[in-house]
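In the working numbering, the protein residues as written are 1480 to 1838. Structure first, then comments.
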């Protein structure tokens, strides 16, 4: 998952937890005011009503504690479990409220069972919505069977179950569709981001990504290697650009294979590459340069042809704490690379870059 999509997911989770905390807190306050007689506590007070209200307060309080934990750690390993516990608690409380008002309040409140269904869909998509629907429908059916017309008209049961199923399917599928859309948008965003920051031929980071990475290494010791393939023009002239592209792709693969964790290789254009080596001194850089020469100098088989190119490498070092930027280091490495290219020309075929068309 990309950084952008992960941040978006965490914001969404925090929004869900915050909304649930506020709505559940409102339910807590309303229940406590009801117990205090502000909303017309019925007389005589049924003991089971007080017990039910206190149980509801306890469940909602626990739910809000879980919401706070999830709000603080939306990426925590127990997020899904704590979320499911909240859905279960909300379903239990809402079912209790509906049953009480249906039995004792002489109010038609069974449509309120839609709330935990929608919450289940929001948190756990279609599966969560269907589980919440099954739980609320069971509670409603048991109430009708146990209390009969005292609670609700028996003929309302099939309609309530059907309409709640419709809500579960609608909200669950919409939530799942939204999640898929977010996933597809994230994949598109990552593809566009990769396209904008990487070379299309080799897959290596491009100039923009290299510059961004170098900015993040400001003040740290770093060595920059600049590489230029020797004999590459002859490859293009004699074998064509398709073969040349194959050579560049393989050179990029070999560059990647030689790097350590934290190093970055990129293509600047043509047959020129750059390697950033954070926390690396001249001696280590020289060892890596030797490995790169050996790897890139190995023959490459492209379209049935064995191609040999070499590489010239220039290095520039920045000690820790220095303010030298990437542009200055690249310029210094370019001078060193040119000196390396011209130091001992001509070179034997297959060793440092003279293309041998016979092969």
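Beta carbons: idealized from backbone N, C-alpha and C, even for Gly. Just so you know, these numbers come straight off a predicted model, no measurement behind them.
CB contact flag (residue i, residue j, <8 Å)
i: residue 1608; j: residue 1647; result: yes
i: residue 1788; j: residue 1703; result: no
i: residue 1722; j: residue 1786; result: yes
i: residue 1510; j: residue 1535; result: yes
i: residue 1733; j: residue 1775; result: yes
i: residue 1485; j: residue 1550; result: no
i: residue 1770; j: residue 1737; result: yes
i: residue 1654; j: residue 1586; result: no
i: residue 1707; j: residue 1820; result: yes
i: residue 1742; j: residue 1727; result: no
i: residue 1591; j: residue 1573; result: yes
i: residue 1652; j: residue 1700; result: no
i: residue 1812; j: residue 1800; result: no
Residue i, DSSP secondary structure in three states
i: residue 1698; result: coil
i: residue 1885; result: This structure leaves residue 1885 out entirely; the chain is present only between 1480 and 1838.
i: residue 1422; result: Residue 1422 lies beyond the range of the chain shown here (1480 to 1838); nothing can be said about it.
i: residue 1775; result: helix
i: residue 1763; result: helix
i: residue 1525; result: coil
i: residue 1742; result: coil
i: residue 1606; result: helix
i: residue 1680; result: coil
i: residue 1494; result: helix
i: residue 1565; result: helix
i: residue 1782; result: coil
i: residue 1554; result: coil
Classification of residue i by the beta-carbon crowding that lies within 10 angstroms, buried from 16 upward
i: residue 1624; result: exposed
i: residue 1814; result: exposed
i: residue 1684; result: buried
i: residue 1527; result: exposed
i: residue 1664; result: exposed
i: residue 1729; result: buried
i: residue 1674; result: exposed
Residue i to residue j span [Cα, whole Å]
i: residue 1505; j: residue 1532; result: 14 Å
i: residue 1545; j: residue 1530; result: 23 Å
i: residue 1634; j: residue 1626; result: 14 Å
i: residue 1744; j: residue 1797; result: 17 Å
i: residue 1576; j: residue 1567; result: 14 Å
i: residue 1767; j: residue 1750; result: 19 Å
i: residue 1569; j: residue 1538; result: 8 Å
i: residue 1553; j: residue 1498; result: 14 Å
i: residue 1670; j: residue 1639; result: 46 Å
i: residue 1835; j: residue 1791; result: Residue confidence is low: residue 1835 scores 39 on pLDDT, short of 50, so the model does not pin down where it sits. Its coordinate-derived value is still stated next. Their backbone Cα atoms lie some 17 Å apart in a straight line.
i: residue 1597; j: residue 1753; result: 54 Å
i: residue 1805; j: residue 1817; result: 18 Å
Limits of the unbroken beta strand (DSSP E) element including residue i
i: residue 1756; result: 1751-1757
i: residue 1789; result: 1789-1797
Check: residue i C-beta below 7 Å from any heavy atom of the ligand FAD
i: residue 1619; result: Of the ligands one can find in the structure shown there are none, so the ligand FAD has no counterpart to examine.
Unbroken alpha helix (DSSP H) run spanning residue i, endpoints
i: residue 1518; result: Here residue 1518 belongs to no alpha helix (DSSP H), and DSSP marks it neither H nor E.
i: residue 1685; result: Neither: residue 1685 is in no alpha helix (DSSP H) and is coded neither H nor E.
i: residue 1810; result: 1805-1822
CB contact below 8 Å: residue i versus chain C
i: residue 1592; result: The chain inventory of the structure shown lacks chain C, comprising one protein chain alone.
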